[in-house]
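Below: one structure, written as structure tokens.
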Amino acid sequence: MIIRDYDKKDLESIVKLEERAFEVGPYTIHMLREILHDPESYSLVAVEDNSIAGYITILPIDKFHADIESIAVDPDFGGRGIGKALMVRGENWMKKNHFHYSVLEVRDKNDVAIRMYLKLGYSIKEKLHSYYELEYHGSRDGYRMEKDLSLEQ
Numbered sequence: 001m002i003i004r005d006y007d008k009k010d011l012e013s014i015v016k017l018e019e020r021a022f023e024v025g026p027y028t029i030h031m032l033r034e035i036l037h038d039p040e041s042y043s044l045v046a047v048e049d050n051s052i053a054g055y056i057t058i059l060p061i062d063k064f065h066a067d068i069e070s071i072a073v074d075p076d077f078g079g080r081g082i083g084k085a086l087m088v089r090g091e092n093w094m095k096k097n098h099f100h101y102s103v104l105e106v107r108d109k110n111d112v113a114i115r116m117y118l119k120l121g122y123s124i125k126e127k128l129h130s131y132y133e134l135e136y137h138g139s140r141d142g143y144r145m146e147k148d149l150s151l152e153q
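And the structure:
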């Protein structure tokens, strides 16, 4: 697996990955373009077998907090440590840029991701009721999770 910086030519592959990873409510191409092309964002892709197997994008919230805006792994590449590798690289970028806290939101039923985040040192800070509003599919609850990165520096 190779982890590298996001390139604009990766957008179409990430749209397809989003659709595969999140059957209900993936980001649209317009939303992804806005997030990934934000000059303040930091985005990485994981490449395996010449395919984009996962990605992460991080946006600063303020001087001390950065948000993992999105992370996804293609289901065909699940269980290979791609999500963890992307998280570690993303956290390293946050520390290098002097962010003290990493924040993320996750669907409350995404047990695989929640377990990974807990193992990486995140804690659940808040239950988010009806956080994920889905056209034609109602809403879903989530959690806001946070990690104190300053404990590792």
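Using our numbering, the letters of the sequence shown correspond one by one to residues 1 to 153. Glycine residues also receive a C-beta, built at the ideal position from the N, C-alpha and C atoms. No experiment lies behind these values; they were computed from the predicted model shown.
Specify the secondary structure class of residue i as computed by DSSP and reduced to three states.
i    : result
I2   : strand
E34  : helix
D148 : strand
State the start and end residues of the unbroken beta strand (DSSP E) segment that holds residue i.
i    : result
L104 : Y101 to R107
For residue i, report the span of its alpha helix (DSSP H) as first-last.
i    : result
E18  : L11 to A21
K119 : D111 to K119
Out of the options, state which residue places its alpha-carbon closest to the alpha-carbon of residue i.
i    : options                : result
E152 : G83, I61 and H100      : H100
K8   : I29, I68, E19 and K125 : I29
H37  : I58, N97 and A46       : I58
L11  : Y55, I61, K63 and I3   : Y55
L86  : H98, A72 and P39       : A72
Problem set entry | Completely contained beta strand (DSSP E) runs for the region 46 to 95, where each covers 3 or more residues | The DSSP assignment places complete beta strand (DSSP E) segments of no fewer than 3 residues inside the region 46 to 95 at 51 to 60 and 65 to 73, in order along the chain.
Exercise. Quick check: the region 47 to 54 against the region 70 to 88, are there 3 or more CB pairs under 8 Å?
Worked result: Touching, yes.
For this session: Give a yes or no on contact between the region 96 to 115 and the region 142 to 149, applying the rule of three or more CB pairs nearer than 8 Å.
Result: Enough Cβ pairs lie closer than 8 Å, so yes.
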